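Student:
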Amino acid sequence: MLTHFSAVLLFALFASVVFGITQRSEPKMMVRFGAYCFVLFVGSVIVASWLMWAVKH
């Protein structure tokens, strides 16, 4: 059974792979852009969760 955070990590991984492959033409840039997208996905989820927590309290 997946937790919310593990589901976010799985989604971020798959979406980042797709973005890296479709948005860049060189393999090195694909990896860099995919890693960049992964960090942005996970970082934005963490920031959004803290904001939701702050609104609740």
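Quick note on the working numbering: the sequence shown kicks off at 11 and runs consecutively. For every residue, glycine included, the Cβ atom is placed at its ideal position computed from N, Cα and C. As the structure is a computational prediction, the values presented were derived from the model and not from experiment.
I need the straight-line Cα distance from residue 63 to residue 37, nearest angstrom please.
Tutor: Taking the first residue of the sequence shown as 1, we reach residue 63 at position 53. Taking the first residue of the sequence shown as 1, we reach residue 37 at position 27. When rounded, the distance between both Cα atoms is 39 angstroms.
Student: Expressed to the nearest angstrom, what Euclidean distance is found between the alpha-carbon atoms of residue 44 and residue 67?
Tutor: What you label residue 44 is simply residue 34 of the sequence shown in a count that begins at 1. What you label residue 67 is simply residue 57 of the sequence shown in a count that begins at 1. Going from the Cα of residue 44 to the Cα of residue 67 covers about 35 angstroms.
Student: Please say whether residue 20 and residue 52 have beta carbons closer to each other than 9 angstroms?
Tutor: In the sequence shown, the residue the question calls residue 52 occupies position 42. In the sequence shown, the residue the question calls residue 20 occupies position 10. Not closer than 9 angstroms, so no.
Student: In angstroms, rounded to a whole number, what distance separates the CA positions of residue 15 and residue 26?
Tutor: As a working mapping, residue 15 is identified with position 5 in the sequence shown. As a working mapping, residue 26 is identified with position 16 in the sequence shown. Using only the alpha carbons, I get a separation of about 16 angstroms.
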